[in-house]
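Accompanying notes for the structure given below.
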Amino acid sequence: MTQRDFTTFYLATIDLPIILEPHEFYVSEARRRLLAQFYDMDREAQKAEKEHLEKSAQYFDPDRDDPADAYERAYHEGVSHWLALNEMHNTVTLALTAGMFHQFDKALREKAVREFSHWLDGHIISPLIWDLGFPRLIELLEWVGLKISGEPFSNTINACRLVINVYKHGDGDAHRELSSKYPEYYPRGNLHDLTLFSSRHEDLKISEAQFVEFADAITAFWKIIPQYCHHSQLGDDPTWLEAEYRKYEKRLTKAKSGSAKKAPWV
């Protein structure tokens, strides 16, 4: 008997705005409430310089003090203020990027769990999906028919994932991969021909424009998902899938003994 073709992943047209609304709200409010605070750092630095000069004028002694020294100290105060704001701006932008990616990752896993649980054991597939690394999650989605790799947004989302890992963990594999594949996130490390000037994880920097690029890539990801994916569209099983499924199945049925069953999607 021919197996009935069934839906493996479904995204209703009416559900797309519901999924996108929290993301778009996050991005809009992050820019309006937080990033907008850093739009005029030059003016704020000049203000700090002026205030320092006015404060030092109260104690200025023309018989003892050199006016040039007062102006120089005020200048350095302005520079220090600008550098501190710039560092804070980068930290805030990175934190907002991390929050945005976490929101996306969580929503994607929740959707995947709902859809896969319609045709696989939810008690098995749910923890499996939540424990997967993001690259394997993408593999799983491509297996059922989503076209992700090779799309214009794919590299941008991968870069965002690596940026977050470097922001959270510092030096490591993510930093080496990011600095090699996407050196634009290390503005101090753009001298590619001189290995002496290799990027450090501390040099990671995200502009507001790059934050928006990440946000747009997430929107594009959701919009590319077809309304229906069917069992007949399943690709080759990911090499790791059966072993992972069996591992979670054994956790669920550890009190039971018996022979391994055939994979339920076969």
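The sequence shown begins at -1 in this note's numbering and counts up one residue at a time.
The C-beta atom is built at its ideal place from N, Cα and C for all residues, glycine as well.
### Query
Taking the continuous alpha helix (DSSP H) assigned at residue 91, which residues delimit it?
Unbroken alpha helix (DSSP H) run through residue 91: 65 to 114.
### Query
Where do the N-terminal and C-terminal ends of the beta strand (DSSP E) with residue 226 fall, by residue?
Residues 226 to 228.
### Query
When we look at the beta-carbon of residue 170 and count the other beta-carbons within 10 Å, is it buried (16 or more) or exposed?
For residue 170, the number of other beta carbons within 10 angstroms of its own is below 16, and it is reported as exposed.
### Task
Please list, in chain order, all residues of the same chain as residue 94 whose beta carbon is under 6 Å from its beta carbon, the five residues on each side excluded.
Hits under 6 Å: 28.
### Message
For the alpha helix (DSSP H) containing residue 219, name the first residue and the last one.
### Response
Segment 206 to 222, the alpha helix (DSSP H) holding residue 219.
### Query
Can you tell me whether residue 250 is buried or exposed, with buried defined as 16 or more other CB within 10 angstroms of its CB?
Exposed: under 16 other Cβ atoms inside 10 Å.
### Query
Which residues bound the beta strand (DSSP E) around residue 5?
Its beta strand (DSSP E) spans residues 5 to 8.
### Query
Taking one C-beta from the segment 204 to 213 and one from the segment 233 to 250 each time, how about it: are there three or more such pairs within less than 8 Å?
The segment 204 to 213 is not in contact with the segment 233 to 250.
### Task
Would you kindly report the start and end of the unbroken alpha helix (DSSP H) that includes residue 145?
No alpha helix (DSSP H) holds residue 145; DSSP gives it neither H nor E.
### Task
Count the other C-beta atoms from every protein chain shown that fall within 10 angstroms of the C-beta of residue 89, then say buried if there are 16 or more, exposed otherwise.
Here residue 89 is exposed: its Cβ has fewer than 16 other Cβ atoms, across all protein chains shown, within 10 Å.
#### Entry: Chain-order list of residues whose beta-carbon lies under 7 Å from that of residue 230 (same chain, five-residue window excluded)
Result list for residue 230: 3, in chain order.
### Message
For a test of the three-state rule: what should DSSP assign to residue 263, helix, strand or coil?
### Response
In the structure shown, residue 263 sits in coil (DSSP, three-state: anything other than H, G, I, E or B).
### Query
residue 174 to residue 160, Cα distance in whole Å?
Here the alpha carbon of residue 174 sits roughly 10 Å from the alpha carbon of residue 160.
### Query
By the 10 Å Cβ neighbour count, where 16 or more other Cβ atoms means buried, how is residue 109 classified, buried or exposed?
Counting the other CB atoms within 10 Å of its CB gives residue 109 a total of 16 or more, which places it among the buried residues.
### Query
If you count every other CB in all the chains shown that lies within 10 Å of the CB of residue 124, and 16 or more means buried, which is it?
Around the beta carbon of residue 124, 16 or more other beta carbons lie within 10 angstroms, which makes this residue buried.
#### Entry: Helix, strand or coil at residue 234 according to DSSP, with G and I counted as helix
DSSP places residue 234 in coil when its eight states are reduced to three.
### Message
Using CA atoms only, rank isn't needed, just tell me which of 120, 68, 167, 136 is closest to residue 155.
### Response
It is 136.
#### Entry: Separation of residue 119 from residue 184, as counted between CA atoms
Residue 184 and residue 119 have their C-alpha atoms roughly 44 Å apart.
### Query
With distances taken between CB atoms, is the gap from residue 7 to residue 143 smaller than 8 Å?
Contact check for residue 7 against residue 143 passes: the beta carbons are separated by less than 8 Å.
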